[in-house]
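See below for the structure under consideration.
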Amino acid sequence: MSRPSPAAPPKRHPTAGFRVFEGQATIVMPDGSYIHVLNEIGSRVWELLDGEKDESQIVNIVCEEFETTREVAERDVREFLATLEANRMLG
Amino acid sequence: MNAYQAIIARNWKSATPYSALFELTYICNHACSFCYNCPTGEKELNTRQVFEALGKIADFGVLFLTFSGGEPLCRKDFFEIAKEAQRLHFAIRIYTNAFLIDEAMAERLKNEVHPFELEISLHGARPETHEALTRVPGSFNRLVSAVQALRKRDMKVMLKTPITRLNMDEVREIKALAAELNADLHFDPVITPKDDGDQEPLQLGADEEFMKRWWSEEFVDVREEKVPLRRNDADISAVCGTGRSGFALDPYGNIYPCVQWRRKVANVMEISSLKEIWRGSSVLKEVRRVAEEIPKTTLKNSSVGDFTAFCAGVAWLQTGDPTKMYAQAELVARYRKKTYLELQARAAAGEFIEGLGQTFEKCGE
């Protein structure tokens with residue numbers, strides 16, 4: 001599965017069940033029994049994947065909230081989105 | 092311990108619930124002779140009220156939501172409700188008898204509800220056995236067709252089989268049927284009383300001779316628990332997750348500590364949030380205290396306590412005392428322990444026995 005178009009803001013898969021417990025997003029996808037648990041930054045990015053914010057806006061928020069350089073945040077967010085995509089968690 | 096297990100352990104410790112079971116209706120298209128439901132005749136929640144309840148459950152942080160009944164698919168507004176649950180980002184599970192699931196319904200469930208699992212009650216490997224319990228002609232073939240329709244769409248199906256006097260001679264065939272249908276299977280050797288305490292369903296329980304055989308090597312190819320497992324009360328001291336890891340709601344909106352222990356906590360329509368009652372409820376405080384006491388008293392004082400899957404709700408229904416050992420739990424534990432000790436002796440003699448010494452998951456874990 002691939003994202004609708006390269007320009008479209010990334011969005012959580014609409015069928016994902018999830019909650020954030022003590023800062024850690026716990027995600028259940030309907031097509032498998034595996035439960036994904038994200039770390040603090042991943043959980044924050046997951047919350048931001050509302051289909052309205054583009055990748056650059058997400059990077060800005062990560063830079064502000066986690067006091068990291070833009071270069072590092074860009075790399076981390078890109079890698080994280082690629083992982084979500086590979087696990088069919090974007091929609 | 093992986094990240095998910097660590098979250099579960101933390102939530103247990105702090106009594107932060109992550110699952111809820113919602114009985115959407117007591118209407119059912121089957122007439123199972125051992126059904127535990129006890130409809131009161133009150134008016135069930137309407138669509139708007141169910142939405143309100145779902146909102147409160149979501150606001151409280153619950154992740155896993157199980158729709159149960161009665162038969163939840165009998166509700167005309169089931170898909171509306173399920174879509175609302177999905178909008179609220181629940182991970183949805185459905186308990187169903189599958190009677191209404193044809194190809195079209197399976198397609199709708201797949202595309203509109205996206206449950207991560209459907210649990211379907213299977214009472215026998217043959218129509219006459221299954222239908223002796225459901226008391227609905229044709230229900231066996233409808234179930235088989237439903238499972239095929241769901242599996243064809245890669246939907247996860249768990250078949251649940253309470254072992255009864257009627258099907259105890261078919262367990263191997265039931266296992267083969269589940270394999271043929273490419274579905275998971277869970278046998279439950281314990282039959283529970285009705286919610287009002289009526290003990291009649293217990294008459295259907297498998298007899299002691301079967302239970303002895305069930306835990307012996309004869310059925311090692313059928314049991315999911317190949318080697319009898321022991322309890323583990325070291326990490327989490329409560330006997331189960333009642334009033335701790337989750338809670339249950341009936342079709343009238345009444346909230347209970349779990350599906351089995353029906354001590355009313357509140358009505359979801361009469362509270363502004365679940366947070367309002369979760370810490371302060373005297374019922375929940377008492378239930379949690381009892382659940383913590385049982386491993387230290389009832390199970391510690393029993394010769395089979397280490398092997399007992401104890402349900403305080405069943406104990407309460409059967410004996411009037413949630414801490415009192417009840418016959419079924421003791422019977423299962425006795426044969427679980429017997430086989431365990433035999434295997435332990437073989438291991439001591441040098442045989443490698445995989446899984447020996449592992450522990451079982453607690454109810455609600």
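For the protein sequence lines, the chains are V and A, in the order given.
The opening residue of the first sequence carries number 1 in the numbering used here; numbering runs sequentially from there.
The opening residue of the second sequence carries number 92 in the numbering used here; numbering runs sequentially from there.
Backbone N, C-alpha and C define an ideal beta-carbon position, used for all residues, glycine too.
Distance from the CA atom of Glu52(V) to the CA atom of Val330(A), rounded to whole angstroms, is 45 Å. Here the alpha carbons of Trp46(V) and Ile185(A) stand approximately 26 Å from one another. Between the alpha carbons of Ile172(A) and Gln449(A) lies a gap of roughly 40 Å.
The C-beta distance from Trp306(A) to Tyr426(A) rounds to 4 Å, short enough to fall under 8 Å. Taking the C-beta atoms as reference points, Glu261(A) is found no nearer than 8 Å to Arg314(A).
Residues of the segment 213-230 of chain A with a Cβ closer than 9 Å to any Cβ of chain V: none. Bounds of the beta strand (DSSP E) holding Ser159(A) are 155-159.
The DSSP assignment places 262-271, 299-305 as complete runs of the alpha helix (DSSP H) inside the segment 238-326 of chain A, in order along the chain (cut-off: 4 residues). Sequence-ordered contacts of the segment 245-268 of chain A with chain V read Asp245, Met246, Lys247 [C-beta pairs closer than 9 Å]. Chain A places no beta carbon closer than 8 Å to that of Glu47(V), leaving this residue out of the contacts.
Gln24(V): not part of any alpha helix (DSSP H); member of the beta strand (DSSP E) spanning 24-28, first to last residue. Here Ala424(A) carries a helix assignment [DSSP, helix/strand/coil]. Annotation: Glu64(V) to Ile58(V) spans about 10 Å, alpha carbon to alpha carbon. Burial is judged here by how many other beta carbons sit within 10 angstroms of a residue's own beta carbon; Asp286(A) has at least 16 and is buried.
Below 8 Å, too few C-beta pairs join the segment 379-390 of chain A and the segment 353-368 of chain A to call them touching: fewer than three. Near chain A, meaning a CB-to-CB distance below 9 Å, the residues of the segment 5-20 of chain V are Arg12, Pro14, Thr15, Ala16, Gly17, Phe18, Arg19, Val20.
Only residues of its own chain outside the window of five on either side were considered, and among them Cys331 have a CB closer than 6 Å to the CB of Lys453(A), listed in chain order.
The C-beta separation of Asn188(A) from Glu208(A) comes to about 15 Å, leaving the pair out of contact by the 8 Å criterion. Assignment of beta-bridge partners to Lys11(V) by DSSP yields Asp50(V). Between Ala182(A) and chain V, the shortest Cβ-Cβ separation is below 8 Å.
Residue pairing by DSSP places His121(A) opposite no residue, since no beta bridge is assigned to it.
Within the segment 24-38 of chain V, contact with chain A at the beta-carbon level (separation under 7 Å) is assigned to Gln24, Thr26, Val28, Pro30, Asp31, Ser33, Ile35, Val37. In the DSSP assignment, Arg354(A) falls outside any beta strand (DSSP E), carrying neither H nor E. When the beta-carbon positions are compared, Val37(V) and Tyr95(A) come within less than 8 Å of each other. Cα atoms of Arg353(A) and Gly404(A): separation of roughly 7 Å, rounded to the nearest angstrom.
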